[in-house]
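Chains A and B, in that order, are what the protein sequence lines are. According to this note's numbering, the residues represented by the first sequence are 5 to 413, in order. According to this note's numbering, the residues represented by the second sequence are 53 to 285, in order. Ideal Cβ placement from N, Cα and C applies to all residues, glycine included. Predicted model only: the values in this text are computed from it and were never measured.
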Amino acid sequence: MFNRDRWREIFDTISKNKLRTFLSGFTVALGIFIFIILFGLGNGLKNTFQEFFLDDASNTIFIYPGKTSEPYKGFKANRRIEFKNEDLKEIDENFAFFIEYLTPRITRSALTRYKNESNTYPTRAVAPGHQFIEKTILMKGRYINPSDLEEKKKSAVIGRLVAKDLFKGEDPIGKYINIGTIAFKVIGVFQDDGGDNEERNIYIPYTTRQLIEKSNDKVDQIIVTFRKELGHAGALALEKSLKNYFKEKKSIAPSDPNGVYFQNLTDDLKQSQQFAVVLQLIVSFVGLGTLIAGIIGISNIMVFVVKERTKELGIRKALGATPISVIQMILQESVFITTISGYIGLFLGILVLENIGLTLEEYFIKNPFIDFGTAFAATLVLIIFGAVAGYIPAKRASRIKPIVALRDE
Amino acid sequence: MIKLNDLHKSYKMGASSLHVLKGINLDIEEGELVAIMGSSGSGKSTLLNILGMLDVADEGDYILDEVPIKDLNETKAAKYRNKFLGFVFQSFNLINYKTALENVSLPLYYQGVPRKERQEAALDYLDRVGLKDWATHLPSELSGGQKQRVAIARAMASKPKVLLADEPTGALDTTTSYEVMDLIQKINEEGKTILVVTHEHDIAQMCKRIVQLKDGVIIEDKKIKQVLASSYV
Numbered sequence: 005m006f007n008r009d010r011w012r013e014i015f016d017t018i019s020k021n022k023l024r025t026f027l028s029g030f031t032v033a034l035g036i037f038i039f040i041i042l043f044g045l046g047n048g049l050k051n052t053f054q055e056f057f058l059d060d061a062s063n064t065i066f067i068y069p070g071k072t073s074e075p076y077k078g079f080k081a082n083r084r085i086e087f088k089n090e091d092l093k094e095i096d097e098n099f100a101f102f103i104e105y106l107t108p109r110i111t112r113s114a115l116t117r118y119k120n121e122s123n124t125y126p127t128r129a130v131a132p133g134h135q136f137i138e139k140t141i142l143m144k145g146r147y148i149n150p151s152d153l154e155e156k157k158k159s160a161v162i163g164r165l166v167a168k169d170l171f172k173g174e175d176p177i178g179k180y181i182n183i184g185t186i187a188f189k190v191i192g193v194f195q196d197d198g199g200d201n202e203e204r205n206i207y208i209p210y211t212t213r214q215l216i217e218k219s220n221d222k223v224d225q226i227i228v229t230f231r232k233e234l235g236h237a238g239a240l241a242l243e244k245s246l247k248n249y250f251k252e253k254k255s256i257a258p259s260d261p262n263g264v265y266f267q268n269l270t271d272d273l274k275q276s277q278q279f280a281v282v283l284q285l286i287v288s289f290v291g292l293g294t295l296i297a298g299i300i301g302i303s304n305i306m307v308f309v310v311k312e313r314t315k316e317l318g319i320r321k322a323l324g325a326t327p328i329s330v331i332q333m334i335l336q337e338s339v340f341i342t343t344i345s346g347y348i349g350l351f352l353g354i355l356v357l358e359n360i361g362l363t364l365e366e367y368f369i370k371n372p373f374i375d376f377g378t379a380f381a382a383t384l385v386l387i388i389f390g391a392v393a394g395y396i397p398a399k400r401a402s403r404i405k406p407i408v409a410l411r412d413e
Numbered sequence: 053m054i055k056l057n058d059l060h061k062s063y064k065m066g067a068s069s070l071h072v073l074k075g076i077n078l079d080i081e082e083g084e085l086v087a088i089m090g091s092s093g094s095g096k097s098t099l100l101n102i103l104g105m106l107d108v109a110d111e112g113d114y115i116l117d118e119v120p121i122k123d124l125n126e127t128k129a130a131k132y133r134n135k136f137l138g139f140v141f142q143s144f145n146l147i148n149y150k151t152a153l154e155n156v157s158l159p160l161y162y163q164g165v166p167r168k169e170r171q172e173a174a175l176d177y178l179d180r181v182g183l184k185d186w187a188t189h190l191p192s193e194l195s196g197g198q199k200q201r202v203a204i205a206r207a208m209a210s211k212p213k214v215l216l217a218d219e220p221t222g223a224l225d226t227t228t229s230y231e232v233m234d235l236i237q238k239i240n241e242e243g244k245t246i247l248v249v250t251h252e253h254d255i256a257q258m259c260k261r262i263v264q265l266k267d268g269v270i271i272e273d274k275k276i277k278q279v280l281a282s283s284y285v
C-alpha cells in the first residue's frame, strides 16, 4: 500500500488524465456538497419548527371559568363560575405531587405611559411560576418574586418592545411607568421567542391587581404545568381529576360541559412531536436520496473509467501486470481521488451552511447545520461505494485476456 | 527453446465444438526467426495465444525454455509472460498518456526494477532502436514506424527469451515495414528467438523459417534463405 513507486505511478496516471480525475472527483465532491446542503437546510427547517411550536412549555394545562348550562344542587343554570385565591391554594395542596408550576393569570389592558411616550399594552397579573410556563427570558433585572406577591408591590416586568417603545434606549430598570392611573416600578425587561406580540406584554403581581380592583380575591384563569414524567396518559388523567375537583368544588353538574374549561397542551405536544418526527423523516429521506444519487453517480463514473482503460489494462497485463496489481492500481487511484474530493465537498458544504445562518429565516430555515459525525459518515459511505463500484469492473478487467482487450481499436 | 507436442484446442460453440488446432508439433531452437503464415481461420492466432500464455491448450505439451507451461492461473501466467515473453502488436498498443521512455520502462516496473535503473535501461533500449532523442515524446507525436520501434524496445526491455510479433508490419507502409523487419532481423542476429505471425509473403521471406498453417494443422515447415530487409531500405 505504501510502495513509493506505486504511488508515483498513480500520481503520474492521475495528473496525465485530468478530465477523468476531474470527473470522478467532481461527482464525489458534488454528491457530498449537495448532501450536506440539503441535510443542513432540513435541520434549519427543524430549528424554525421548534421555535414556532415549542415556544410555551408544552406540559401546560390552562383552566378557564365559564357559565353553567345545567341546574345542579339547587343552583340555576347560567350561573357564572369564578376562581378564587383559595382554589389556587387547594390545587397547590392537593396536586403538589403532579404539578411543577402553578400560576393565576388576570389579563387587563391599559394605557401605559413613561414621560411623553404612551401606548396601550396588555398587563398580565401573575405569580412567579408564570415565568417558566411562558418560557420568559429575562434580559435585565428580575422577575416577579414571592415578596412582590406578599407585599402587593407595584412592580412591573416589561417586554423588550415595551421598553423600546417607551424608553427609547434609556435604561428602564428602577424607573416608574403609569399603567392606567397607577405608577409601577420597572424591575425587569424580558424577551420571548413566541414573537413580537409576546414582547408587548407587561407582567405585574396578581395580588397587586386584586388590590387595585377593590381588594377582591378573584382569579381569571389558572395555569399549571404538570411534571413531564407523567407522560401523555398521566397528563390526561391529571386533567380529569382537576376537572372533577373543580366540578365538585364549584357545584357544577358532572354532565355539564360548560362551567369550567380545560385546555391541555399535552395533545399539542404529542402532535408537534409527531410533526417533528415526520420532518426528521423527510430530512433523512432527502439525505439518503442524495447519497444514493451520489453513489450511483460515482459508480457510473467508475464503470466508465475502467471501461475506458480496458485497453491500457490489457497492455499492462501483456507486459506482466498480475491481476491483483491491476485491481490494486484502480482501487488505490479511485480511493485516493474520492477521499480528496470528498473532503473538498465536505469542507465547501459546511462553509456554505455556516454562511447561511439567519439569511434564509424568512423561508423558515434558521441556522442550518449538520453534525460532523453525519457528514463524515456520508463522505466515508461515498468513498467506500466508489471503491466497491470500481472494484467490480476492475476485477472483471483484470480477468480479461490481454489479447481480447487489445484486439479492438 | 519452444517445444510443442500434439497440441489440440477446440472452442465450444453452443452444442457443437470447433476444433481449431488439430495436433500441432513444433520445435523451435534458440535464435531462430520463424514466420507463422496462414489464412484467417487457419488457427495461427490461437497458436499465438497459446504460445503467449493468453490461452491454454486442451491437450498436448508446451515447453518453453525447458519449463513446462501448464496449470496456469492468471497470476502465474502474468509472471511467466513478464519473464519469458515480449509482445509486439499490429496496432503498437503503447499507453497513450505515457512517453516513449515510460512505455519502454513499464515491463521493468512490473519486474520490480528500481526507478532509476529502469529508466537507464529503457533509454538504452530506445537508443538501440534509434529513438533516444524521442524519449520524452508521447506516442501521438511519433510516426507509425517510430511507434512500432518503441513497442519493440518495450518488448525487449524485459529481456524475454522469445519475442512474439503479431502482424508487426500490418499497419505500416512497405518502406516502414522493411525498416521494422530490419530491426527485427538485427535483434535476431544478436541471438533472440523471434516468432512473427504474418500473412505477407515478402515479410515471411525475411525470416529464416516459414511455418504454414491450414485448418489447424501445419501443412508446410521449411527453412528458407533469408532476404535481408536492409537490402530494400
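Partners in chain A for residue i, counting only beta-carbon separations shorter than 7 Å
i                : result
Pro159 (chain B) : Leu323, Gly324
Arg180 (chain B) : Near Arg180 (chain B) there are no residues of chain A at all, since even the closest Cβ is about 18 Å away, more than 7 Å.
Ile147 (chain B) : Glu316, Ile319
Chain-ordered chain A contacts of residue i [CB-CB under 8 Å]
i                : result
Thr127 (chain B) : Thr326, Pro327, Ile328
Thr167 (chain B) : Strictly speaking, residue 167 (chain B) in this sequence is Arg, with Thr absent from that position. Per Cβ cutoff of 8 Å: Asp9, Arg12.
Cross-chain neighbours of residue i in chain B, by beta carbon under 9 Å
i                : result
Pro397 (chain A) : Simply none; closest approach about 16 Å.
Spatial distance of residue i from residue j (CA atoms)
i                : j                : result
Lys172 (chain A) : Thr363 (chain A) : 27 Å
Tyr161 (chain B) : Val310 (chain A) : 21 Å
Leu283 (chain A) : Ala241 (chain A) : 29 Å
Val287 (chain A) : Phe376 (chain A) : 16 Å
Gly145 (chain A) : Glu174 (chain A) : 14 Å
Lys251 (chain A) : Val264 (chain A) : 8 Å
Ile319 (chain A) : Lys74 (chain B)  : 30 Å
Thr245 (chain B) : Arg12 (chain A)  : 34 Å
Pro150 (chain A) : Pro132 (chain A) : 7 Å
Lys179 (chain A) : Lys189 (chain A) : 6 Å
Leu103 (chain B) : Pro120 (chain B) : 12 Å
Gly197 (chain B) : Gly298 (chain A) : 46 Å
Leu273 (chain A) : Phe37 (chain A)  : 35 Å
Tyr63 (chain B)  : Val108 (chain B) : 11 Å
Gly293 (chain A) : Gln267 (chain A) : 41 Å
Leu56 (chain B)  : Phe136 (chain B) : 16 Å
Phe79 (chain A)  : Gln275 (chain A) : 39 Å
Pro191 (chain B) : Asn148 (chain B) : 6 Å
Gly243 (chain B) : Ile344 (chain A) : 51 Å
Ser122 (chain A) : Leu355 (chain A) : 47 Å
Leu42 (chain A)  : Ala257 (chain A) : 56 Å
Ile396 (chain A) : Thr326 (chain A) : 17 Å
Ser229 (chain B) : Glu169 (chain B) : 32 Å
Leu170 (chain A) : Gly199 (chain A) : 19 Å
Chain B residues whose Cβ lies nearer than 8 Å to that of residue i
i                : result
Asp375 (chain A) : Those do not exist, as Asp375 (chain A) stays about 42 Å from chain B at its closest Cβ, beyond 8 Å.
Glu13 (chain A)  : Tyr161
Residue i and residue j closer than 8 Å at C-beta
i                : j                : result
Arg109 (chain A) : Val166 (chain A) : no
Gln200 (chain B) : Phe139 (chain B) : no
Gly46 (chain A)  : Val290 (chain A) : yes
Leu421 (chain A) : Thr124 (chain A) : Beyond the ends of chain A as shown, which are 5 and 413, falls residue 421 (chain A); an answer cannot be given.
Ala160 (chain A) : Tyr105 (chain A) : no
Leu42 (chain B)  : Val202 (chain B) : Because chain B is modelled from 53 through 285, residue 42 (chain B) falls outside the range shown and cannot be assessed.
Leu178 (chain B) : Ala207 (chain B) : no
Glu252 (chain B) : Thr221 (chain B) : yes
Glu86 (chain A)  : Lys218 (chain A) : no
Leu153 (chain B) : Leu175 (chain B) : yes
Ser338 (chain A) : Ala401 (chain A) : no
Arg164 (chain A) : Phe194 (chain A) : yes
Closer than 9 Å at the beta carbon, the chain A residues around residue i
i                : result
Lys96 (chain B)  : Neighbours of Lys96 (chain B) on chain A: none; closest Cβ ~13 Å, over 9 Å.
Lys131 (chain B) : Gly324, Thr326
Closer than 7 Å at the beta carbon, the chain B residues around residue i
i               : result
Lys22 (chain A) : Within chain B, no residue comes near Lys22 (chain A); the closest Cβ sits about 10 Å away, beyond 7 Å.
Chain C within 8 Å of residue i, Cβ atoms only
i                : result
Ala174 (chain B) : Considering every chain present, this structure includes no chain C. Its protein chains are A and B.
Chain B contacts from the region 310-328 of chain A (Cβ-Cβ distance under 8 Å):
Lys315, Glu316, Gly318, Ile319, Arg320, Lys321, Ala322, Leu323, Gly324, Ala325, Thr326, Pro327, Ile328
For the region 382-406 of chain A, which residues have a beta carbon sitting closer than 9 Å to at least one beta carbon of chain B?
Ser402, Arg403, Lys405, Pro406
Using a beta-carbon distance cut-off of less than 8 Å, what residues from the region 208-230 of chain B approach chain A?
Ser210
What residues from the region 70-93 of chain B come within 9 Å of chain A, judged by C-beta to C-beta, listed N to C?
For the region 70-93 of chain B, the beta-carbon criterion of a distance under 9 Å to any beta-carbon of chain A is satisfied by none of its residues.
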